């Protein structure tokens, strides 16, 4: 598992990126992160929700309860305009960082 | 399953969060844990393992509490949003509403079924009757171009059958056709019985033909699908050509395209097939179908006697296409003057005029129009009752769902959304009902054929539900949805939150109960109208069976039609054959007597009217005496059981070489020789003077409710007519004699046909058709109305009981007996019913008046029918009230009061 500090720094961006195209609920977000990272990145209920609530408090995502027929109601999170802006900035920062790493140490994220 | 909520709450306890916020967090996290737990189970963990792993993750590093501590939530709890995932997309929203509605409908299948059934039956009944009205009355000739402009043209005679549909001669037709200005074409036509034979066939087949003027197909705008139709030249030159009906072409010629130019034999004469009429074209006489068409000038070839050149022989019907801009009144005026002037100029037995009528009024005597109008009105009543019922059930449901709706409103749902939701439910209900109705109509439309009597020449009806019928059904459906959906929806959305929540979901407002009571009253009133209409028809059907028809015991009379022309027999041979036929039939065992007659009373058609001179009778100005003529053999009055009130009947001695004789009926004697003895007086129906030798009792000739009309019987031997019906009075069941009679016919001439064998009882079915059809259909609709109303009343009273549970409990607590409680509910049901009956009586009386023309010999406010309807309604009300009333007595006072 990656160092906890690296993980914390990157997770904000991961969550924002996951709710960028459509609203998702917490469990779905956790599962997607795990699946797309082939299990390298893992969140559990205790680590995910404080993060989600913090993002929400900062106005980067917005959560609301949604009822669907035949299902329990769930809280769905979607990206706000402010979140969109931050996501864009973070993507650029990380890209620059990877380019720098590549130049220095020959690491290519792709 | 582990209690995740508790686990989470325990951990969050130290945070002292605002309770509502905490509840939301607990809910959200608990769901997550539950999902995780299920996931682990799915991966093969034991429940205990899964529980431990999940719990460990929750507690890991104390992250949750540390992470949460940093927040202070300032916002209030959020409102719930209904499915925002698709909320902004109208199609998605509709889909949402639709699925939600479906779920709600599934939740109470009983109510859904009742609603769908009431709408389905009501719409089905309406669609069925509309299909009948459309195909039988409004648009019986769909293939005729612009058929709304067609009118019936007939000669009018003051003394004819009320100037109804008197025919005219061919020469008169030619004059009219050439001189009239009101029409874009006038055609003449009449029905004829024919024997059709192909190639070397030993025996032909009897078919129905129509003799028509040469412009027939052109004026109707009906082109041939194969070959061509007639030309005026063919009429002028009397070319032996024929156009086949599509059915006949398919049946006899297998739809062979090479039929054009082929020779066929009609009544023994050679004809050339020149064309085939389009499928579904059966002619313009709404009640009849024709197998083939022949130019009018070929009549002498087919019937022996020449009717073409006799101006006094009136045998043709007229149909014309009204010119654009010419009104019926103008056409009538022109034709009246034209007919009279021509008649005077030609010196024929005078025609006083001509009448032009709407096609559907041509045979007003056997017309379906008033009957179907009545039916349509009653089915509309059933639809109204069903709508009221559905509105009632939906109101009850809306009331039951008051709390659900209030909560949704409290949680921030928009009123418009609630209304939309409820309207979607109503629309869905009525669409399902509408589909059920169309299916029902598809199944039920054939009943009109099933119920119709055996006619000698059945009409081939195409009872297709066309787009108009379906459109009407659809409109009725949508209208129903709007009417009965909107009221409950508006009311539900108006729910006063505080009151509704306080009242624990019973949301009882007195205005709503009033509306529901009003709906029940309306249903009862409308049901009474439907029941009384049905009752009047039932009574009149019974009365019809009791009317004195003027002849005895129809149950032992066998009728066998025949036509000597079709066997190629001319006058002398025909008369000889008639004698032999009677002689042999009378010799059969089980036959008490037999005779021949040109007219069988009380069926469709078969009547002939002739301009008549009455000796010693002074014509009033403009008076024209046209009297029905009936040609009979000896023993006719004995066979039929028609009493001779004076003189004698026609006997075997009244032969062609003897003195020409006539027997008149009482109506004739009364009309032309009032206060005198008619015996010895003379009449002339175009065959020379005949001496009156007897007076026969009046009878019913065309309809059961007709007034007596004059009629003259002549001797077959003195006035030969080849198309005639053998009447056999039998000792036993007349049906049993048909086969024996067939061998007698064959023994006389191999080509002598038996046409339309039937018993007199079957034959008379035609005369009572409207009454019996009306009685069967209307009582069906009456019962339907009653059932729907019973369901409605049951619903209202059940609701009444639920609503007043507390009151009933208190009453019982302070000592009311079960009987008293039951009476409380029964009283409520009967009160509504009685008010409904009072309101309905007025309407029922009006409808009774409107139906008078259809109802025989029964007073329009027939007390028996009326009382019967009222009693039926009260019985229904008691039955429907009984179950809720019993339920009221089962209220447990303790439980009911505690519940509050």
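Residue numbers (my numbering), protein chains in the order written: chain A, 1 to 110; chain W, 1001 to 1900. Don't be surprised by glycine CBs; every beta carbon is placed ideally from N, CA and C. Given the structure is predicted, the values throughout are model-derived calculations rather than measurements.
Proximity winner among A:44, A:22, A:86, A:69, relative to residue 58 of chain A (alpha-carbon distances)
A:86
With H, G and I counted as helix, E and B as strand and the rest as coil, what does DSSP make of residue 1889 of chain W?
helix
For residue 1068 of chain W and residue 1038 of chain W, what's the separation of their Cα atoms in angstroms?
25 Å
The segment 1535-1553 of chain W / the segment 1730-1745 of chain W touching (three or more Cβ pairs under 8 Å):
no
The beta strand (DSSP E) spanning residue 1682 of chain W covers which residue range?
1682-1684
Between which two residues does the alpha helix (DSSP H) holding residue 40 of chain A run?
No alpha helix (DSSP H) contains residue 40 of chain A, which DSSP labels as neither H nor E.
Whose C-beta lies closer than 7 Å to the C-beta of residue 1786 of chain W among residues of the same chain, with five residues either side of it excluded?
1527, 1531, 1872, 1876
Within the same chain, show all residues whose beta-carbon is closer than 6 Å to that of residue 1732 of chain W, passing over the 5 residues directly before and after it, in chain order.
1590
So is residue 1443 of chain W buried or exposed if we call it buried at 16+ other beta carbons inside 10 Å?
exposed
For residue 1722 of chain W, collect the residues of the same chain with a Cβ closer than 6 Å to its Cβ; drop the 5 residues on either side in sequence, then sort them by chain order.
1563, 1564, 1565, 1574
Determine the direct distance from the alpha carbon of residue 1885 of chain W to that of residue 1802 of chain W, and round the result to whole angstroms.
Rounded to the nearest angstrom, the two C-alpha atoms are 11 Å apart.
Terminal residues of the continuous beta strand (DSSP E) containing residue 1272 of chain W?
1269-1276
Hey, quick one: how far does the alpha helix (DSSP H) through residue 1417 of chain W stretch, first residue to last?
Annotation for residue 1417 of chain W: the continuous alpha helix (DSSP H) segment containing it runs 1415-1444.
List, in order along the chain, the chain W residues whose C-beta lies closer than 8 Å to that of residue 27 of chain A?
1031, 1032, 1035, 1036
Determine the direct distance from the alpha carbon of residue 1024 of chain W to that of residue 1110 of chain W, and round the result to whole angstroms.
Taking the straight line from one Cα to the other gives about 37 Å.
How would you call residue 1665 of chain W, buried or exposed, if buried means at least 16 neighbouring beta carbons within 10 angstroms?
buried
To the nearest angstrom, how far is the alpha carbon of residue 1424 of chain W from that of residue 1113 of chain W?
Their backbone Cα atoms lie some 17 Å apart in a straight line.
Counting contacts by CB-CB distance shorter than 9 Å, is residue 10 of chain A in contact with chain W?
Residue-level contact by beta carbon fails for residue 10 of chain A and chain W, as no gap is shorter than 9 Å.
At a CB-CB cut-off below 9 Å, which residues of chain D make contact with residue 1100 of chain W?
Absent from the structure: chain D. Protein chains present are A and W.
Output needed for residue 1076 of chain W: all residues of its chain with C-beta closer than 8 Å, excluding positions within five of it in sequence on either side, in chain order.
Below a pLDDT of 50, predicted positions are generally treated as unreliable, and residue 1076 of chain W, at 45, falls in that range; the measurement from the model is reported next regardless. 1020.
If we ignore side chains and look at the alpha-carbon of each, how far apart do residue 1237 of chain W and residue 1712 of chain W end up?
37 Å
Applying a beta-carbon distance threshold of less than 9 Å, which residues of chain A neighbour residue 947 of chain W?
Any question about residue 947 of chain W goes unanswered here, given that chain W covers just 1001 to 1900.
Cβ neighbour criterion (16 or more within 10 Å) applied to residue 1445 of chain W
By the neighbour-count rule (16 or more Cβ atoms within 10 Å), residue 1445 of chain W is buried.
Taking a contact to mean a Cβ-Cβ separation below 9 Å, would you say residue 1198 of chain W touches residue 1262 of chain W in this structure?
Yes, the Cβ-Cβ distance between residue 1198 of chain W and residue 1262 of chain W is below 9 Å.
Do the segment 1375-1394 of chain W and the segment 1100-1109 of chain W make contact, defined as three or more Cβ pairs closer than 8 Å?
no
Going by C-alpha distance, which of W:1807, W:1344, W:1881 is nearest residue 1831 of chain W?
W:1881
In the DSSP assignment, find the unbroken beta strand (DSSP E) run with residue 62 of chain A in it and report its ends.
61-67
Using 9 Å as the limit for Cβ to Cβ distance, is residue 65 of chain A near chain W?
Answer yes: the Cβ-Cβ gap between residue 65 of chain A and chain W drops below 9 Å somewhere.
Delimiting residues of the alpha helix (DSSP H) encompassing residue 1047 of chain W:
1047-1059
I need the straight-line Cα distance from residue 1195 of chain W to residue 1534 of chain W, nearest angstrom please.
In a straight line, the C-alpha of residue 1195 of chain W is about 44 Å away from that of residue 1534 of chain W.
Members of the segment 1397-1425 of chain W near chain A, C-beta cut-off 8 Å
none
What do you get for residue 1724 of chain W, buried or exposed, if any count of 16 or more other CB atoms within 10 angstroms of its CB means buried?
buried
Helix, strand or coil: which one does DSSP assign to residue 1607 of chain W?
coil
Does the beta carbon of residue 81 of chain A come closer than 9 Å to any beta carbon on chain W?
no
One or two residues paired with residue 1293 of chain W in a DSSP bridge:
Note: residue 1293 of chain W is bridge-paired with W:1210, W:1243 in the DSSP secondary-structure output.
List, from N- to C-terminal side, the beta strand (DSSP E) runs of 3 residues or more that fit wholly inside the segment 1174-1231 of chain W.
1183-1198, 1205-1212
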